[in-house]
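Residue numbers for the sequence shown follow this note's numbering, beginning at 16 and rising by one.
Ideal Cβ positions, reconstructed from N, Cα and C, are used throughout, including at glycine.
All values reported here derive from a predicted model rather than from experimental measurement.
Below is one structure, written out as structure tokens; the observations come after it.
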Amino acid sequence: MHQLTTIGIDLAKDVIAACVMDQYGAVTEQRVLRREAFERWAAQLEPAMVAMEACGSAHHWGRWFAARGHTTRLIAPEFVVPFRKGGKNDTADAEAVAIAARQPTMRFVPIKTADQQAMLAWHCAREGWKEERVALLNRVRGLLAEYGVVIPRSPERLLTALPALTEDARLPDRIHALLLEVREQLSALHARLAKCDAHIAAHANHSTAAQRAMQLTGVGPVTASALAATVPDARVFRNGRRFGAWLGLTPRQHSSGGKTRLGRISLHGNVYLRNLLIQGARSTLQSALRADPAKANRLQRWISALYGRKGYFKTVIAIANKHARMLWAMLARDENYDASAWQRHPMTSIASPKNP
16 MHQLTTIGID LAKDVIAACV MDQYGAVTEQ RVLRREAFER WAAQLEPAMV
66 AMEACGSAHH WGRWFAARGH TTRLIAPEFV VPFRKGGKND TADAEAVAIA
116 ARQPTMRFVP IKTADQQAML AWHCAREGWK EERVALLNRV RGLLAEYGVV
166 IPRSPERLLT ALPALTEDAR LPDRIHALLL EVREQLSALH ARLAKCDAHI
216 AAHANHSTAA QRAMQLTGVG PVTASALAAT VPDARVFRNG RRFGAWLGLT
266 PRQHSSGGKT RLGRISLHGN VYLRNLLIQG ARSTLQSALR ADPAKANRLQ
316 RWISALYGRK GYFKTVIAIA NKHARMLWAM LARDENYDAS AWQRHPMTSI
366 ASPKNP
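Set out below in structure tokens:
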């Protein structure tokens, strides 16, 4: 009798495919089940390694299987693609997941807790309401332009002008009524955004990791809260470079024959956290450029020199990548931010001239 050791699962909204392998890697069973039937089937399995792609509902199923004694592994979808044989279908995807999970060098995604996902849900809602607010303001700006009313491209300008526009003689009464509805919707959106900011700030104030992250220039409550919820244990990354690569802040490589060719940043990994770090890097760059050269610290001098050589955009990405590495060091080692930590690096003593 074959002993099952690996179960690859391809998740979907309604149908879930499973591929069971024994200790030799041979496929012993393949199933495609509806969600309810899959749950009944999975509840009867003996403990094994269960692997899934890191996609929607994967963290839920990861916790579900872990609570029943299984070893759960989540794999980034891009790492599963090379193991798919033939055409793409649910059965082939499940088998590819099982094969990928058995690779000794495979990297896995940590499973988030329910509380971490709940906090990230507030971040997701905040981003959605921000996009809705921007879309509404742009829509109103375009409608007003049809009547010759052009508002400068600034949300604050339009919000300031809205009360007067509801009584503007250049606009028909129906537009006045529409603008009143817009004002009510904007008020509701602003109230929801304020609640999101309050929840995020409370999480940042009560999280040790978030408090430590906010010691770094350019990292505020939103970024710190998202970092603490997204990366509960920074030690899953071997070093800061891998953390930066996971965020998509390192360049793609096209190297061969000993020649290194670097391209654009990969844009892999967590898009939301990467964008927050880039926004923080923008403010850090402006702060470094405004600093007095005689009083600037080592990081600010590095930023100013890099800006002079590479320009604005490359400097912003380099700052975000450096912030990612610094955050990894602080969180993985449980240390506070120390601007002089570089002096304790072994390479510093090698590069400095020896005393006679």
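Here the segment 93-111 lies against the segment 42-50, with 3 or more beta-carbon pairs under 8 Å apart. Classified as exposed, K100 has fewer than 16 neighbouring CB atoms from the shown chains inside 10 Å of its CB.
Every beta strand (DSSP E) stretch that sits fully inside the segment 58-82 and reaches 3 residues is listed by chain position as 64-68. Boundaries of the alpha helix (DSSP H) around I318: R313 to K325. A distance below 8 Å between beta-carbons, with the five flanking residues on each side excluded, links T128 to the following residues of its chain, in chain order: R78 and P247. In this structure, the alpha-carbon of G23 lies about 34 Å from that of L292. Inter-residue distance for G273 and R257 is about 22 Å (C-alpha atoms, whole angstroms). As computed with DSSP, L186 is found in no beta bridge at all.
In the three-state DSSP reduction, M121 falls in the coil class, being neither helix nor strand. Contact between V124 and A82 does not hold, since their C-beta atoms are separated by about 18 Å, which reaches or exceeds 8 Å.
Cβ-Cβ separation between T245 and L288: approximately 6 Å, consistent with a contact (criterion under 8 Å).
Residue burial annotation: G102 is exposed, with fewer than 16 other C-beta atoms found within 10 angstroms of its C-beta. In its chain, beyond the 5 residues on either side, I22, F80, H85 and T87 have a beta carbon closer than 6 Å to the beta carbon of V65. Residue environment: G157 is assigned as exposed (fewer than 16 neighbouring CB atoms within 10 Å of its CB, all protein chains considered).
Inter-residue distance for T265 and V165 is about 42 Å (C-alpha atoms, whole angstroms). A Cβ-Cβ distance of about 4 Å is found for the pair A219 and P236, placing them in contact under the 8 Å criterion. With respect to the C-alpha of W144, the residue from L204, M67 and E171 having the closest C-alpha is L204. DSSP places P266 in the uninterrupted beta strand (DSSP E) bounded by P266 to Q268.
Boundaries of the alpha helix (DSSP H) around L180: P170 to L180. Looking at the backbone, the Cα of G255 and that of A339 are separated by about 7 Å. Assignment of alpha helix (DSSP H) within the segment 244-301, counting only whole runs of 4 or more residues, yields 255-261 in chain order. Taking S72 as the centre and dropping the five residues before and after it, the same chain places the C-beta of L26 closer than 7 Å to its C-beta, in chain order. Remark: C-beta atoms of L201 and R148 approach each other more closely than 8 Å. Spanning the alpha carbons of G259 and K310 requires a straight line of approximately 29 Å. The residue from R359, L300, L231 and L195 with its alpha-carbon nearest to that of W343 is L231.
Residues of the same chain with a CB within less than 8 Å of the CB of E142, apart from the 5 flanking positions on each side, are Y287 in chain order.
Shown here for H269: same chain residues with a beta carbon closer than 7 Å to its own, the five before and five after excluded, namely R276 and G278 in chain order. According to the DSSP assignment, I114 belongs to the alpha helix (DSSP H) that extends over D105 to A116. By the neighbour-count criterion, in which a residue is buried when 16 or more other Cβ atoms sit within 10 angstroms of its Cβ, C34 is buried. A direct Cα-Cα distance of roughly 11 Å separates R305 from R316. Residue nearest to R250 within the set E350, T43 and Q226 is E350 (criterion: CA-CA distance). The DSSP-derived three-state label of T43 is strand. In the DSSP assignment, A32 falls within the beta strand (DSSP E) that extends over V30 to D37. A residue is called buried once 16 or more other Cβ atoms fall within 10 Å of its Cβ, and V155 is buried on that count.
Cβ-Cβ separation between A111 and C211: approximately 38 Å, too far for a contact (criterion under 8 Å).
Apart from sequence neighbours up to five positions away, the residues of its chain that approach H74 with a beta-carbon distance below 7 Å are I126, K127 and Q132, ordered along the chain.
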